[in-house]
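Right, one structure below, let's go through it.
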Amino acid sequence: MSTSNFCEFTYSIRNCEGSKEYRILYIISIIVWFIPCIFSFSLIYWKLRYRKNLKLFNDRLFSPVEGFLIWCGISSFARIIYCFVMLFNSFSGYPVIRDLISTFSWLPGFMGIHSFIAGMFQSILRMKFEQFTTSPSHRTFESVINENNDNRNRSTTVWIPKGYQVTITFWTLIILLFALTTTFSIIMGLNRNIVRDNNAFAKHNKAFLYANGFLHGTFWFNCTLVIIILIYHGRNLVRMIKESFALTGIQDASNRNVSERIKGRLENAKIAFEAYVIKIRIFNYSIFILMLWFSISLIPITVIYEKLFSALWVGLLFTAVSNFLTPTCLLAVLIGILKAELNPDQEEATAAAVIELNEMNSYFSDVDSSEV
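For the sequence shown, numbering that gives the first Met the number 0 gives the first residue as 0, with consecutive numbering after it.
Given below as structure tokens:
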């Protein structure tokens, strides 16, 4: 198959039309990727050094925030390496290595996102008013109270996987993602017939095109899966946190005949939960935007790979957005984490608020009973 004079921007930018523009983009990309890289490693160092009770693993899973920070830093560093490889045309005679470097520059990012998703499910499972799905019947908060009185089987309107299902699913997805992308990258590298007088181009046979389709199709599946989970369970997590807060009666505490000490504790719980909800929303929106872009951009790379190189602006757009939008979304999440770290008591306040919510449920029940 004949090739155009434009760069095959997914593989090389040397000796082709638009090479100068691509070099400028990759130089800027290196600078941009350094920001989340340093940011992530600095935050995880801070947490490891000053959070004595910090755990990197929780129930055979990465802790949500810590796992995200580690893999975000590794992913950013891997992208920096990839940009240097593209700039200096490293391993030009070893297409397998080039394709593996490209693939591995994205894999750690998916590890971090899947760690966050797994942590989101763990948070949902800790909501006591929502139990595992046992029947398809509708459940309201009024029925929850009745269920507590007559010991009926509890059910939810939202399907929630159990703890062991989250763990198994997480590691299964990670192992499959690593195995499939590595295999398809090697097949792509072995089937590149590089034109030696202009190594920015390659003639692609069917084996290469099929491997390319399966490789980027695997990434697309993971992006789409994350989007569906965020739409379905991300909103539910925020809703459940808000409703659990509302069920405690803390919002109406000022109208109750309670001591000022208890009112102060309830106000602290309210502030902590509002900050927690904002942080969860930042996570959800940033990762959703990132995965939405990847899911859209991966479709043409998967289906019409060679046609992408027929216009210079297409490659420049893909390169710019992928290397600028991604670190921007990561920075939004990292800033949210940093805001929590700037207030060293916020995590403790949030944890205390969770205990406070359970205690106040019992307290207000006793108060209301005594007033009857």
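Yeah, the Cβ is synthetic: ideal placement off N, Cα and C, and Gly gets one too.
Output needed for residue i: all residues of its chain with C-beta closer than 8 Å, excluding positions within five of it in sequence on either side, in chain order.
{"i": "M226", "result": "Per the sequence shown, the amino acid found at residue 226 is Ile instead of Met. Counting only Cβ-Cβ distances below 8 Å, and skipping sequence neighbours, we find F287, M290, L291, S294."}
{"i": "S1", "result": "Note that S1 scores a pLDDT of 41, beneath 50, so its modelled location is shaky and nothing firm can be said."}
{"i": "I96", "result": "F90, G188"}
{"i": "M85", "result": "S11, I12, Y21, Y25"}
{"i": "N148", "result": "Any answer about N148 is weak, because its pLDDT of 48 lies below 50 and its placement is not dependable; what the coordinates show is given next. Closer than 8 Å at Cβ, skipping near neighbours: no residue."}
{"i": "W219", "result": "F293, S294, L297, I298, T301"}
{"i": "I230", "result": "F287"}
Quick one: what's got a C-beta closer than 7 Å to residue i's C-beta in the same chain, skipping five residues either side?
{"i": "F169", "result": "L60, H113, A117"}
{"i": "K19", "result": "none"}
{"i": "I228", "result": "I116"}
{"i": "F395", "result": "Absent from the model: residue 395. The displayed extent of the chain is 0 to 371, so no value can be given."}
{"i": "P110", "result": "Reading off the sequence, residue 110 comes out as Met, not Pro. W70, I173."}
{"i": "I281", "result": "A331, V332, G335"}
{"i": "P299", "result": "L307"}
What is the DSSP secondary structure of residue i, reduced to helix, strand or coil?
{"i": "K127", "result": "Reliability fails at K127, whose pLDDT of 45 lies under 50, so the model's placement of it is uncertain and the value that follows must be treated cautiously. In the structure shown, K127 sits in coil (DSSP, three-state: anything other than H, G, I, E or B)."}
{"i": "F5", "result": "strand"}
{"i": "L311", "result": "helix"}
{"i": "F56", "result": "strand"}
{"i": "F293", "result": "helix"}
{"i": "F90", "result": "coil"}
{"i": "R195", "result": "Since pLDDT at R195 reaches only 41, below the 50 mark, its modelled position is unreliable, and the value read off the structure follows with that caveat. In the structure shown, R195 sits in coil (DSSP, three-state: anything other than H, G, I, E or B)."}
{"i": "I37", "result": "helix"}
{"i": "E146", "result": "Only weak support is given to the placement of E146: the predicted model assigns it a pLDDT of 46, under 50, and the question is left unresolved by the model."}
{"i": "T139", "result": "For T139, the pLDDT reaches just 42, beneath the cut-off of 50, and the residue's location in the model is therefore unreliable, although a value from the coordinates is still provided. In this structure, T139 counts as coil in the three-state DSSP scheme."}
What does a CB cutoff of less than 6 Å around residue i pick up in its chain, not counting 5 residues either side in sequence?
{"i": "F207", "result": "M187, N190"}
{"i": "F38", "result": "L333"}
{"i": "N322", "result": "S28"}
{"i": "T217", "result": "L179, T180"}
{"i": "G66", "result": "S114"}
{"i": "A210", "result": "F183, I186, M187"}
{"i": "I73", "result": "P107"}
{"i": "T318", "result": "F8, L24"}
{"i": "N283", "result": "L229, G233"}
{"i": "S406", "result": "In this structure the chain extends from 0 to 371, so residue 406 is not present and cannot be described."}
Sort the options by Cα distance to residue i and report the nearest one.
{"i": "C71", "options": "L329, I336, N52", "result": "L329"}
{"i": "W32", "options": "R238, S104, F67, E65", "result": "S104"}
{"i": "G108", "options": "Y49, L172, A77", "result": "A77"}
{"i": "Y81", "options": "Y25, F40, Y44, R48", "result": "Y25"}
{"i": "T327", "options": "I34, C6, G17", "result": "I34"}
{"i": "V64", "options": "F40, I79, F83", "result": "F40"}
{"i": "L337", "options": "G212, W45, I79", "result": "W45"}
{"i": "V313", "options": "K161, L324, S296", "result": "S296"}
{"i": "G17", "options": "R238, V320, L311", "result": "L311"}
{"i": "L175", "options": "K161, Y49, N221", "result": "N221"}
{"i": "F272", "options": "S285, K241, N283", "result": "K241"}
{"i": "I79", "options": "R50, I303, N52, I30", "result": "I30"}
{"i": "S75", "options": "N52, L316, G92, S101", "result": "S101"}
Could you give the C-beta distance for residue i and residue j, rounded to a whole number, given that I count them as a contact under 8 Å?
{"i": "F177", "j": "L224", "result": "About 16 Å separates the two Cβ atoms, so there is no contact after all."}
{"i": "L68", "j": "L99", "result": "That belief does not hold up - the Cβ atoms of L68 and L99 are roughly 25 Å apart, past 8 Å."}
{"i": "H215", "j": "T301", "result": "4 Å"}
{"i": "T166", "j": "D58", "result": "7 Å"}
Segments of 4+ residues assigned as alpha helix (DSSP H) that fall wholly inside the region 158-190 | 162-189
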